[in-house]
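Worksheet: the structure to be examined is printed underneath.
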Amino acid sequence: MGEKLDLKKVLKHLYKPSAKEPQIVDIPGMNFLMMDGSGNPNTNPVYQEVVETLYGVSYALKFMSKKTLEKDYVVMPLEGLWWGTPMGQHVFTEADKDKFQWTLMIHQPDFITMEMVEKAREDVERKKGLKNLGQMRFEAFVEGLSVQFLYFGSYDDEGPTIIDMHQFAFDQGYSLRGKHHEIYLSDPRRTAPEKLKTVLRHPIE
């Protein structure tokens, strides 16, 4: 079977960046399971339903890969793209949460194919009967040049750190583009808010 693949370690510069200062990185194209939604993630039940579906299919793919390809790997963390505040305003406040638009996604290894995803979707539908499986898509996401930082703390307190990260990019002569990106390295159900680890990222040009 060989060693279990952990893309967080292979792509350490993307999934375990410095917590000392922001970094400018060039993000290659990667394949993701993705689902879209809107509204406050703390109060909209759709958010948790999307999380359940993405993880359900991701684990089905892992077991399928282990059985049919003899390739085992660690399921990657949940990631989110966030937007919906006025154009050009890339910082979010508590008051904005009900207006949020978001895409949740989980990175998949390169050897996962569309055919495998469709079979995993069917398996999950048969076993769990999730209503939203038809809204899930599998596609490449190319982020390109970005600024990022490893943040420790509550999701609700990210604002000042995001502003500092943006300023770091501005000081290097860059401007912001695209959507705010977060990678959730901790499980909020098992981790105290002040110990949560999150990669904060924003595309730049």
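Numbering-wise (this note's numbering), the sequence shown opens with residue 41 and increments by one.
Using N, Cα and C, we set each Cβ at its ideal position, and we do this for glycine too.
All of these numbers come straight from a predicted model, not from anything done at the bench.
Between V239 and L225, the gap from beta carbon to beta carbon is short of 8 Å. Between V187 and M205, the alpha-carbon positions lie close to 7 Å from each other. The Cβ-Cβ distance between E165 and L173 falls below 8 Å. Within the DSSP bridge table, the entry for R241 names Q188, H221 as partners. Within a 10 Å sphere around the beta-carbon of H53 sit fewer than 16 other beta-carbons, which makes this residue exposed. Only residues of its own chain outside the window of five on either side were considered, and among them I223, Y224, L225 have a CB closer than 7 Å to the CB of P117, listed in chain order. Under the DSSP assignment, I64 falls in the beta strand (DSSP E) whose first and last residues are 63–67.
One thing to note: Q141 has its Cβ within 8 Å of the Cβ of W123.
Annotation for V97: L73, V157, A160, R161, V164, L173, M176 place their beta carbon closer than 8 Å to its own, counting only its chain and skipping 5 residues before and after. Between the alpha carbons of I202 and Y87 lies a gap of roughly 23 Å. Per the DSSP secondary-structure output, T143 pairs in a beta bridge with D76, L121. In the structure shown, R177 adopts extended strand secondary structure according to DSSP, grouped into three states. Pairing L185 with L170, the inter-Cα distance amounts to about 36 Å. The residues Q141, in chain order, have a CB closer than 6 Å to that of S78 in the same chain once the five nearest residues on each side in sequence are set aside. Checking the DSSP bridge columns, you'll see L101 has no partner listed. With contacts defined by Cβ atoms closer than 8 Å, P57 and F189 form a contacting pair.
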